[in-house]
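Residue numbers (the numbering used here), protein chains in the order written: chain U, -15 to 326; chain D, 915 to 1181. Don't be surprised by glycine CBs; every beta carbon is placed ideally from N, CA and C. The structure presented is a predicted model; accordingly, all values stated were derived computationally and were not measured. Down below is the structure, laid out as structure tokens.
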Amino acid sequence: MTVLSLARGYRRFIIGRLATIAALALALVAAFVLDVATGPSGLRLADLLTAEHDSTLAVILWDIRLPQAVTAVLVGAALALAGAEMQTTLNNALASPFTLGVTNAATLGAASAIVFDLSIPGLAAMHIVPLFAFAAALGATLLVNFLARSQGAGADTVVLFGIAMVFVMNALLWLVQYVASADAVQQIVFWTMGSLTRSSWDKAAIIAAALALCLPLSLRQVWAMTTLRGGEDHARSFGIQVERLRLVVLVRVSLLAAVAVSFVGTIGFIGLVGPHLARLTLGEDHRFYLPGAALAGALVMSLASTASKAIVPGLVLPVGIVTALVGIPLFMALLLGQRRRS
Amino acid sequence: MSLSLADISVAYGRKPVLDGIDLAHVAPGSVVGLLGANGAGKSTLLRALAGLLPARGWAKVGGRAELDGLDLLRAPAAHRLRQVGYLPQSLPQASPLLAYEAVLGALRATRPDLGPAAAEAAIETVFAELGLHGLALSRMGQLSGGQRQMVGLAQVLVRQPRLLLLDEPTSALDLRWQLAVLGCVAQLAQRQRAIALIAIHDINLAARFCTRLVILGQAGIIADGSPGQALSPDILHRAYGIHGRVESCSLGFPMVLADSAAERRFP
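Dropping the structure here:
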């Protein structure tokens, strides 16, 4: 046995993973360009790029396609990062950013704003619905956190409180819908289907800020999170305060999910499948797994955004409908490929 | 360097689990086997010494445990982690982590001060010592339960703790690996002047490798001494509720032969 042969063998794994991350990043850039090049107007990218300043074409590029494409990338990254952290911290591969009722609370907030025609003096009407959605999502999250903290923050406890929160929020939502006019109910349904057509630069900036705040904090805890994958008892024996770590992660996850949901509505699947794609290609060393999940989520979301504009020519489908349809084939292909190799 | 326990008591809520546990002067190089029936408090004692009971809130720990002047029950976690390595009874999860990463993660979590070269060397050594070289770059999910248990042990040994607290380290292992693990622990204890405290059910394995046996009954320690001193038919009856014999094998180690169960009720 040569000296340090294991370290050398392990370095090969690391190089492979870095290459995978680079490939994901390249694919994301390609998907982004494709997304910008696709639109219901059928205008080609070359035309848009060579358009004169202040022309209609420039408006389409700068105010519609680019903010939507950027938002797709940011939302995908935020949801998948949140999902990856959620799955690790709850030790549950079925967990997603929405396990604790963040979406349901956001929908309730949005529905209340729509049905009761809520307004805040000095605030434009278009900001009211996302604001109430965000406030409700954050409120629900803090409540789950508070309850979990008081009960010792075991993984099962947190999931149970989350499920209870989902049911309570749904019940309240039905109550609101029951008293709402038919017109308002339709608005609520449309809000629930996640859509990128609500994107704008300032919303994208807020999602980017949330991501810029959370990602470095996630990366600071990669070793603790990696160790947690070995089992709670083992992590605890290495001095990791599992309950505290879990509560911190929950706050981070909820912030990301709440911001994303408030601006673009419910986009399921990304927060579940992004982490799984990363796990299949990169393993669970969180140094690679967390950035990989964010990249994978952004990639799937970007492809879904393109598909939502390309499936029916001249029409933009709500992207929330498309994410699963685009993501599942990718996921299945990887899963089957993995099985064939092993 | 020595370990001594004085009047250790643990209660879960109002239910006392351990009371008046004294263990005077455990010398460096000792391998202490902790025996006793199911529910006698072996795991609880190890968890208490590892500082993992207060985390559960409702457990109350009393008494003193000193490792060479370090008050184990009250020392800050960072100080304790430098000296104490604890292997939980549960096996490491079958995750997609590589075995190498599991050990690297354990080392990084407990010794962030260690440079990359020193960490690599420490991991290399522990995998070689445990005979796990061939598994190091496999995913934990592809390993058998026993292999994962070995990786769990590697996670503890890589830190070179002065006090090893091992909770049934051989529960998932076949005969060959049972001998390998206890042999390795005994050797390490000798070489690094460390102390190992091992909760274990296999009395004969314990008698073969431990320098001292401590037998827990319902009312604290009922025997404490070398394997030859601590094992007797009377002790077996009091500790486990069995009729058994203690005979000497051809190599001179005491061998326990269990004949029949005297009582079959759980207390």
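What is the C-beta distance between residue i and residue j, in whole angstroms, given that I count them as a contact (C-beta under 8 Å)?
{"i": "D1081 (chain D)", "j": "S1174 (chain D)", "result": "Going by Cβ atoms, the distance from D1081 (chain D) to S1174 (chain D) rounds to 29 Å, so no, they are not a contact pair."}
{"i": "P1141 (chain D)", "j": "L1119 (chain D)", "result": "Contact flag wrong, Cβ pair sits at about 11 Å."}
{"i": "S292 (chain U)", "j": "A15 (chain U)", "result": "About 13 Å separates the two Cβ atoms, so there is no contact after all."}
{"i": "F400 (chain U)", "j": "G311 (chain U)", "result": "Shown here, chain U extends from -15 to 326; a query on residue 400 (chain U) therefore has no answer."}
{"i": "A180 (chain U)", "j": "A56 (chain U)", "result": "The question names Ala, but residue 180 (chain U) in the sequence shown is Leu. Sure, about 6 Å apart at Cβ, within 8 Å."}
{"i": "A194 (chain U)", "j": "L131 (chain U)", "result": "About 24 Å; that fails the 8 Å criterion."}
{"i": "A117 (chain U)", "j": "S246 (chain U)", "result": "4 Å"}
{"i": "T176 (chain U)", "j": "T290 (chain U)", "result": "About 22 Å; that fails the 8 Å criterion."}
In angstroms with no decimal places, state the Cα-to-Cα distance between residue i and residue j.
{"i": "T307 (chain U)", "j": "A53 (chain U)", "result": "14 Å"}
{"i": "L229 (chain U)", "j": "L981 (chain D)", "result": "29 Å"}
{"i": "A7 (chain U)", "j": "L266 (chain U)", "result": "12 Å"}
{"i": "H1047 (chain D)", "j": "L(-10) (chain U)", "result": "8 Å"}
{"i": "D186 (chain U)", "j": "Q135 (chain U)", "result": "39 Å"}
{"i": "A68 (chain U)", "j": "D140 (chain U)", "result": "17 Å"}
{"i": "S923 (chain D)", "j": "L65 (chain U)", "result": "44 Å"}
{"i": "V248 (chain U)", "j": "G178 (chain U)", "result": "5 Å"}
{"i": "S1085 (chain D)", "j": "I1114 (chain D)", "result": "8 Å"}
{"i": "L45 (chain U)", "j": "A155 (chain U)", "result": "42 Å"}
{"i": "L102 (chain U)", "j": "S96 (chain U)", "result": "8 Å"}
{"i": "R978 (chain D)", "j": "R994 (chain D)", "result": "14 Å"}
{"i": "T91 (chain U)", "j": "Q71 (chain U)", "result": "23 Å"}
{"i": "L1093 (chain D)", "j": "Q1069 (chain D)", "result": "19 Å"}
{"i": "N75 (chain U)", "j": "S238 (chain U)", "result": "17 Å"}
{"i": "A991 (chain D)", "j": "G223 (chain U)", "result": "7 Å"}
{"i": "I1135 (chain D)", "j": "Q1104 (chain D)", "result": "25 Å"}
{"i": "A383 (chain U)", "j": "L1011 (chain D)", "result": "Summary: the structure shown does not reach residue 383 (chain U), with chain U confined to residues -15 through 326, and so no result is reported for it."}
{"i": "G934 (chain D)", "j": "A920 (chain D)", "result": "7 Å"}
{"i": "L115 (chain U)", "j": "A188 (chain U)", "result": "15 Å"}
{"i": "V152 (chain U)", "j": "G85 (chain U)", "result": "9 Å"}
{"i": "L1165 (chain D)", "j": "W972 (chain D)", "result": "47 Å"}
{"i": "T211 (chain U)", "j": "Q1106 (chain D)", "result": "26 Å"}
Residue i: beta carbon under 7 Å from a heavy atom of the ligand ATP?
{"i": "Y1154 (chain D)", "result": "Here there are no bound small molecules, and the ligand ATP is not part of this structure."}
Identify the contact partners of residue i in chain D, using a Cβ-Cβ distance below 9 Å as the criterion.
{"i": "G276 (chain U)", "result": "Within chain D, no residue comes near G276 (chain U); the closest Cβ sits about 12 Å away, beyond 9 Å."}
{"i": "L(-10) (chain U)", "result": "Y1014, E1034, I1037, E1038, F1041, A1042, H1047, A1050 and L1051"}
{"i": "F(-3) (chain U)", "result": "L1012, Y1014, E1015 and L1051"}
{"i": "T210 (chain U)", "result": "L1011, E1015, A1016, L1018, G1019, R1022 and A1023"}
Identify whether residue i lies in helix, strand or coil by the three-state DSSP scheme.
{"i": "D217 (chain U)", "result": "helix"}
{"i": "L301 (chain U)", "result": "coil"}
{"i": "A137 (chain U)", "result": "coil"}
{"i": "G864 (chain D)", "result": "For residue 864 (chain D) there is no data in the structure shown, the boundaries of chain D being 915 and 1181."}
{"i": "T(-14) (chain U)", "result": "Unreliable placement is indicated for T(-14) (chain U), whose pLDDT of 48 sits below 50; the coordinate value is still reported in the next sentence. Here T(-14) (chain U) sits in coil by DSSP."}
{"i": "V940 (chain D)", "result": "strand"}
{"i": "E36 (chain U)", "result": "coil"}
{"i": "I1109 (chain D)", "result": "strand"}
{"i": "S918 (chain D)", "result": "strand"}
{"i": "D1081 (chain D)", "result": "strand"}
{"i": "I44 (chain U)", "result": "helix"}
{"i": "T22 (chain U)", "result": "coil"}
{"i": "E268 (chain U)", "result": "coil"}
{"i": "A992 (chain D)", "result": "helix"}
{"i": "V296 (chain U)", "result": "coil"}
Using a Cβ cut-off of 8 Å, pull out every chain U residue sitting near residue i, in sequence order please.
{"i": "Q997 (chain D)", "result": "The contacting residues do not exist; Q997 (chain D) stays about 12 Å from chain U at best."}
{"i": "Y1000 (chain D)", "result": "S221"}
{"i": "A964 (chain D)", "result": "S221"}
{"i": "Q1069 (chain D)", "result": "G214, H218 and F222"}
In chain U, which residues lie with their C-beta within 7 Å of the C-beta of residue i?
{"i": "Q1007 (chain D)", "result": "R213, G214 and G215"}
{"i": "Q1143 (chain D)", "result": "Those do not exist, as Q1143 (chain D) stays about 32 Å from chain U at its closest Cβ, beyond 7 Å."}
So which residues of chain D does residue i contact, with C-beta pairs closer than 7 Å?
{"i": "W207 (chain U)", "result": "G1019, R1022 and A1023"}
{"i": "I224 (chain U)", "result": "A1023"}
{"i": "L231 (chain U)", "result": "Within 7 Å Cβ-Cβ: nothing; L231 (chain U) doesn't reach chain D, min ~14 Å."}
{"i": "S(-7) (chain U)", "result": "It should be pointed out that residue -7 (chain U) corresponds to Gly in this sequence rather than to Ser. Those within 7 Å of G(-7) (chain U) in chain D are L1051."}
Identify the contact partners of residue i in chain U, using a Cβ-Cβ distance below 9 Å as the criterion.
{"i": "G1066 (chain D)", "result": "G214, G215 and H218"}
{"i": "A973 (chain D)", "result": "The contacting residues do not exist; A973 (chain D) stays about 12 Å from chain U at best."}
{"i": "A1110 (chain D)", "result": "Residues of chain U passing the Cβ test: none, with the nearest at roughly 15 Å."}
Do the region 280 to 295 of chain U and the region 59 to 73 of chain U make contact, defined as three or more Cβ pairs closer than 8 Å?
-> Here the region 280 to 295 of chain U makes contact with the region 59 to 73 of chain U; the two share three or more CB pairs at distances below 8 Å.
Would the region 34 to 44 of chain U and the region 198 to 212 of chain U be scored as touching if the rule is three or more Cβ pairs under 8 Å?
-> Counting Cβ pairs under 8 Å, fewer than three are found: no touch.
The region 122 to 135 of chain U / the region 157 to 164 of chain U touching (three or more Cβ pairs under 8 Å) | Touching, no.
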